[in-house]
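Here the structure is laid out as structure tokens; the discussion comes afterwards.
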Amino acid sequence: MKEALFYEKGEGNSVFCRLCPRLCRIKEGGRGFCRARENRGGVLYAANYGRVSSAAMDPIEKKPLYHFHPGTEILSLGTFGCNLACGFCQNWQIAHADPPTRFLAPEAVVAAAMEQIARGVPCVGIAYTYNEPFIWYEYVYDTARLAREKGLKNVLVTNGYVREEPLREILPYIDAMNIDVKGFTAAYYREVCRGSLEPVLRTVELAARACHVELTTLLVPGLNDSPEEIRSLAEWVASLDPEIPLHFSRYFPHYKFDLPPTPLSTLLRARELAGEKLKYVYVGNAPELDAGDTTCPSCGATLIRRRGYRVQVAGLEGNACRSCGEKIKVVV
Ligand code: SF4
Ligand code: SF4
Ligand SMILES: [Zn+2]
41 MKEALFYEKG
51 EGNSVFCRLC
61 PRLCRIKEGG
71 RGFCRARENR
81 GGVLYAANYG
91 RVSSAAMDPI
101 EKKPLYHFHP
111 GTEILSLGTF
121 GCNLACGFCQ
131 NWQIAHADPP
141 TRFLAPEAVV
151 AAAMEQIARG
161 VPCVGIAYTY
171 NEPFIWYEYV
181 YDTARLAREK
191 GLKNVLVTNG
201 YVREEPLREI
211 LPYIDAMNID
221 VKGFTAAYYR
231 EVCRGSLEPV
241 LRTVELAARA
251 CHVELTTLLV
261 PGLNDSPEEI
271 RSLAEWVASL
281 DPEIPLHFSR
291 YFPHYKFDLP
301 PTPLSTLLRA
311 RELAGEKLKY
321 VYVGNAPELD
331 AGDTTCPSCG
341 ATLIRRRGYR
351 VQVAGLEGNA
361 CRSCGEKIKV
371 VV
């Protein structure tokens, strides 16, 4: 285990973790809410440092990132634990249980990504994903710095629930983020995710100024899918940048939730409503809708065609629409 960053010593041998907005007070021998940080003798340790529960080469579109090196792949890693507790958690086996892990040093991860490239795989770098990467902070930081030295990209797929200081320190090494904005009311975050909305919005604002950002909202029927909430979300994103891609994802029953899956009509309505404010709105987790293409917001031409994870960059000339010349915010 490695000593954690961002904590303070308290009375006796207790510590205060200052990595995420929970600000856990952890007694000696205990772990924080996320289960990833442990107090041993008054010292806080990153219990998950280097502990990898899942590793795979994934299409970058699966993160989802649709405007960041479309059609490439990325070495994707996760550990265990999470600092939110969403009732619908789709990755609960690693976020809220104790999966088997193996140790992978940062050097080994970077070497594995470089090996993929040497074998001709279109690998752009490393994604920290599956569970919540910010509670893997020390490991992600060390690995991302090494990866950057080798010219690899670093991607976070995150719930955005982190304090400002750690976020600012890691952003210089991060190239892209997909951030969940799980809903757009304080009540939804409090009651469904056991967190709070404001820190997530601040993360999005800071990240959008520093790296490529896309957002994901899992629509849960009756809980966060009202037209008013969708409009408010889209207006807020547009106030930052109307070119930030927003992905509406289809919910399926998982973990503690047994509500039926999101109706396809709800996803289409959300796309239409958000599309009034934003240039790129996608629907994910619903292959039957075939709604993954990127089209030119100016002339409607298909720029990137997606059939499942088969991706064809068909209508782009560099960063511009081949048909009308419109500048498109996509990192190629
Ligand atoms: S990172 Fe974990 S231990 Fe630290 S405050 Fe957040 S939930 Fe608590
Ligand atoms: S933030 Fe993600 S991993 Fe964590 S509880 Fe929510 S859905 Fe699960
Ligand atoms: Zn065009």
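Here the sequence shown stands for residues 41 to 372, numbered as in our numbering. We put the beta carbon where it would ideally sit given N, CA and C, even for glycine.
State whether the segment 178-191 contacts the segment 139-154, with contact taken as three or more CB pairs (one from each stretch) at a distance under 8 Å. The answer is yes - the segment 139-154 touches the segment 178-191, with three or more Cβ pairs under 8 Å.
Mapping DSSP to helix, strand and coil, what is residue 97? DSSP, read as helix, strand or coil, puts residue 97 in strand.
Residue(s) in a DSSP beta bridge with residue 167: Partner(s): 116 and 195.
Hey, could you find the ends of the beta strand (DSSP E) residue 106 is sitting in? Premise fails: residue 106 is in no beta strand (DSSP E) and is neither H nor E.
Is any non-hydrogen atom of ligand 2 found closer than 8 Å to the C-beta of residue 102, if you look at the structure I gave you? No, the Cβ of residue 102 stays beyond 8 Å of every heavy atom of ligand 2.
Does the beta-carbon distance from residue 305 to residue 257 come in below 9 Å? Residue 257 is positioned such that its CB atom lies no closer than 9 Å to that of residue 305.
Please classify residue 304: does DSSP put it in a helix, a strand, or coil? Correct three-state label for residue 304: helix.
Extent of the continuous beta strand (DSSP E) to which residue 253 belongs: Residue 253: member of the beta strand (DSSP E) spanning 252-259, first to last residue.
For residue 220, three-class secondary structure by DSSP: If DSSP states are grouped into helix, strand and coil, residue 220 belongs with the strands.
What residues in its chain sit with their C-beta under 6 Å from that of residue 223, if we drop five residues either side in the sequence? Excluding residues up to 5 positions away in sequence, 264 lie with their Cβ nearer than 6 Å to the Cβ of residue 223 in the same chain.
Please classify residue 359 as buried or exposed, where buried requires at least 16 other C-beta atoms within 10 Å of its C-beta. Its Cβ having fewer than 16 others within 10 Å, residue 359 is exposed.
Buried or exposed (CB count within 10 angstroms, at least 16 for buried), residue 298: A residue is called buried when at least 16 other Cβ atoms come within 10 angstroms of its Cβ; residue 298 does not meet this threshold and is exposed.
Less than 9 Å between the beta carbons of residue 254 and residue 286, yes or no? Contact check for residue 254 against residue 286 passes: the beta carbons are separated by less than 9 Å.
Would you please state the rounded distance, in angstroms, between the beta carbons of residue 202 and residue 273? I believe it to be under 8 Å. Residue 202 to residue 273, Cβ: 20 Å. No contact.
Apart from the five residues just before and just after residue 41, which ones in its own chain have a Cβ nearer than 8 Å to its Cβ? If you ignore the 5 residues before and after residue 41, its C-beta comes within less than 8 Å of the C-beta of 78, 80, 85, 86, 87 and 89, all in its own chain and listed in chain order.
Mind checking which residues open and close the alpha helix (DSSP H) that includes residue 179? 177-189 is the extent of the alpha helix (DSSP H) around residue 179.
Run of the beta strand (DSSP E) containing residue 76, from where it starts to where it stops: Bounds of any beta strand (DSSP E) do not take in residue 76, whose DSSP letter is neither H nor E.
Thinking C-alpha only, which one of 47, 93 and 94 is nearest residue 71? Looking at the Cα atoms, 47 is the closest of the given residues.
Considering only the alpha carbon of each residue, which of 313, 138 and 334 lies closest to residue 320? The residue among 313, 138 and 334 with its C-alpha nearest the C-alpha of residue 320 is 334.
For residue 135, count the other beta carbons within 10 Å of its own beta carbon; 16 or more makes it buried, fewer makes it exposed. Which is it? Classification of residue 135: buried, given that the 10 Å Cβ count is 16 or more.
Under a criterion of Cβ closer than 6 Å to any non-hydrogen atom of ligand 3, which residues qualify, in chain order? Working through the chain, the matches are 336, 338, 339, 341, 361, 363, 364 and 366.
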